[in-house]
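Trainee: Sharing a structure with you now.
Residue numbers (this note's numbering): 5 to 249.
Written out as structure tokens, the structure reads:
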């Protein structure tokens with residue numbers, strides 16, 4: 005269940021990030037789909053706390069560096085994130101492809117950290133991106149990291165239609181695929197979400213939440229290495245579960 009004020013505060017930051025410039029009250033209100041009065045109250049509160057300031061002519065609003073400074077201070081002392089990021093860098097270097105840590109959240113696989121390949125043509129992603137569980141290797145690997153009862157409960161709660169443009173969910177087929185993936189140790193997506201991309205993922209538990217480590221790349225570069233990458237992901241996922249899980 006979303007808390008509206010918290011959601012709108014996050015949306016304000018996302019709107020500014022997308023615009024890349026100061027914005028008027030009306031622009032921010034439209035960007036977060038909120039009444040001007042509510043938006044002004046949020047901006048005023050954030051301004052009093054030092055998170056936004058007035059700028060420009062006519063007066064507009066823009067975030068201060070306080071967001072970045074606090075985020076940096078938090079991330080620099082996050083022992084779990086440091087371990088996971090180091091694992092992603094090892095995977096990227098070993099495979100030469102983009103490595104991703106994702107978690108099960110809100111019935112989707114949400115990217116938490118991404119270390120991109122050095123290749124000019126590569127799979128590109130950002131923290132905060134999300135994928136449907138049934139169409140992503142990361143999502144199926146996260147389901148495989150759950151016990152049977154928890155997995156069935158998550159699958160039962162998934163919407164059948166999903167997002168427009170995505171393939172419909174077949175719950176029975178998904179559970180059968182997850183069972184096979186759990187027995188093998190990793191999940192594979194052969195172009196189901198994007199036809200030119202293969203992704204491989206291994207799931208693990210981290211702080212009581214199902215996570216996955218993934219490698220995603222153009223089809224032609226890893227088609228012959230899927231199983232080798234799967235074993236590598238499985239080893240890193242087990243090591244993380246033992247170290248920080």
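Just so it is clear, CB atoms sit at the ideal spot from N, CA and C, and this is done for glycine as well.
1. Mind checking whether residue 185 and residue 191 have CB atoms under 8 angstroms apart?
2. Using 8 angstroms as the cut-off, can you tell me whether the stretch 171 to 182 makes contact with the stretch 207 to 215, which would need three or more C-beta pairs spanning the two stretches below that distance?
3. Look up residue 21 in the DSSP assignment and say whether it is helix, strand or coil.
4. Any idea which residues DSSP pairs residue 65 with across the strands?
5. Pull up the distance between the alpha-carbon of residue 115 and that of residue 31, whole angstroms please.
6. Apart from the five residues just before and just after residue 120, which ones in its own chain have a Cβ nearer than 7 angstroms to its Cβ?
7. Given a threshold of 16 other Cβ atoms within 10 Å of its Cβ, counted over all protein chains shown, does residue 59 qualify as buried or as exposed?
8. Which full runs of the alpha helix (DSSP H) of 4+ residues lie inside the stretch 125 to 196, going along the chain?
9. Note the first and the last residue of the continuous alpha helix (DSSP H) segment covering residue 83.
10. For the pair the stretch 59 to 78 and the stretch 93 to 110, tell me if three or more CB-CB distances fall below 8 angstroms.
Mentor: So, from the data block:
1. Start at 1 with the first residue of the chain shown, and residue 185 comes out as number 181. Start at 1 with the first residue of the chain shown, and residue 191 comes out as number 187. Yes, the pair counts as a contact, with Cβ atoms nearer than the cut-off.
2. By the C-beta criterion, the stretch 171 to 182 is judged not to be in contact with the stretch 207 to 215, since fewer than 3 inter-stretch pairs fall below 8 angstroms.
3. Taking the first residue of the chain shown as 1, we reach residue 21 at position 17. Correct three-state label for residue 21: helix.
4. Looking up residue 65 in the chain shown gives position 61. Looking at the DSSP assignment, residue 65 forms a beta bridge with 27, 58.
5. Taking the chain shown and counting its residues from 1, one reaches residue 115 at position 111. Taking the chain shown and counting its residues from 1, one reaches residue 31 at position 27. Residue 115 and residue 31: Cα-Cα distance of roughly 28 angstroms.
6. Numbered from 1 along the chain shown, position 116 holds the residue referred to as residue 120. Once the five neighbours on either side are set aside, the close Cβ partners of residue 120 are 102, 126, 128.
7. If you number the chain shown from 1, residue 59 lands on position 55. That one is exposed.
8. Correct list: 141 to 148, 152 to 161, 175 to 188.
9. Along the chain shown, one-based indexing puts residue 83 at 79. Residue 83 -> alpha helix (DSSP H) spans 83 to 99.
10. No, the stretch 59 to 78 is not in contact with the stretch 93 to 110.
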